[in-house]
Amino acid sequence: EKNAELKKENEKLIAMVFHADCDAMIKTAEEVTANTAPPATKEFLKYILKASAGKFIFGFIDNFIMVCVGGSIDAALGAQLGISTLAAAGIGNGISDAVADKGESTMMKMLGAIGLDPEEMAPERMENAPRWMKFLNNNYSWIAIFIGCMVGMFPLLPGVGLGGAAAITGLGAATGLAKV
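For the sequence shown, my numbering begins at 60 and goes up steadily by one.
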């Protein structure tokens with residue numbers, strides 16, 4: 060009986076090799092070894108890029124709004140409400156965060172509508188994954204937000220939008236961080 064089962068499993072494996080059915084081979088190997096295969100590099104990177112898209116958009120919109128209209132928010136709110144620069148910056152940050160959150164959720168809905176919504180990576184698939192995959196899987200959110208924030212500061216580049224050093228000086232004055 061045990062020999063019959065082994066023979067049957069052996070025939071399955073031989074058939075899979077000849078038919079190059081990789082998914083079935085991985086599934087069978089997982090069943091035989093009782094271990095889950097880590098995701099393939101290409102599959103994992105696709106997942107991380109899709110999962111990071113909304114976080115990148117959040118960071119981009121958040122900083123873009125603050126860079127472009129932070130000074131105006133400070134001038135308008137500070138003068139009208141009689142509040143400090145830091146209080147106006149806090150209100151502006153709340154506004155930019157709310158808009159960025161809406162941008163993130165819209166991006167994720169759009170990805171889902173075209174079939175690119177990221178499916179969760181099952182924890183058991185990550186158990187045997189290389190350390191770099193585990194690191195990215197656990198940290199992609201803040202990394203994508205940070206990169207989005209950096210890209211969202213592009214209006215501060217010389218010759219772009221707000222004009223580099225003048226914008227930084229203006230932003231410093233608007234936020235109370237100007238050099239003395």
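We treat Cβ as the ideally placed atom computed from N, Cα and C, and that holds for glycine.
Let me make sure I understand the geometry here. Which of the options has the alpha-carbon closest to that of residue i?
i	options	result
residue 170	97, 71, 114	114
residue 202	127, 156, 116, 149	116
residue 86	184, 168, 143	184
residue 166	109, 92, 71, 61	109
residue 95	182, 196, 130	182
residue 207	161, 139, 219, 123	123
residue 128	112, 152, 111, 105	152
Within 10 angstroms of its Cβ, does residue i collect 16 or more other Cβ (buried), or is it exposed?
i	result
residue 188	buried
residue 126	buried
residue 119	buried
residue 98	buried
residue 204	buried
residue 236	Any reading at residue 236 must be qualified, since the residue scores a pLDDT of 43, below 50, and its modelled position is unreliable; the value itself is stated next. Result: exposed.
residue 173	exposed
residue 90	exposed
residue 200	exposed
residue 163	buried
Residue i by DSSP, collapsed to three states: which one?
i	result
residue 142	coil
residue 60	coil
residue 135	helix
residue 128	helix
residue 87	helix
residue 224	The pLDDT assigned to residue 224 is 44, lower than 50, so where the model puts this residue is not dependable; a value taken from the coordinates is nonetheless given after this. Of the three classes helix, strand and coil, the one that applies to residue 224 here is helix, per DSSP.
residue 210	helix
residue 218	coil
residue 122	helix
residue 94	coil
residue 112	helix
residue 147	helix
residue 71	helix
Any heavy atom of the ligand NAP within a distance shorter than 6 Å of the CB on residue i?
i	result
residue 137	In the structure shown, the ligand NAP is absent, as is every other ligand, since no ligand is present at all.
Within 7 Å (strictly less), CB to CB, does residue i reach chain B?
i	result
residue 189	As a matter of chain content, chain B is missing from the structure shown, which is built from one protein chain.
Inset, instruction - Go through the stretch 149-208 residue by residue and report every complete run of the alpha helix (DSSP H) that reaches 4 residues or more, in order. - result: Here the runs fully enclosed are 182-185.
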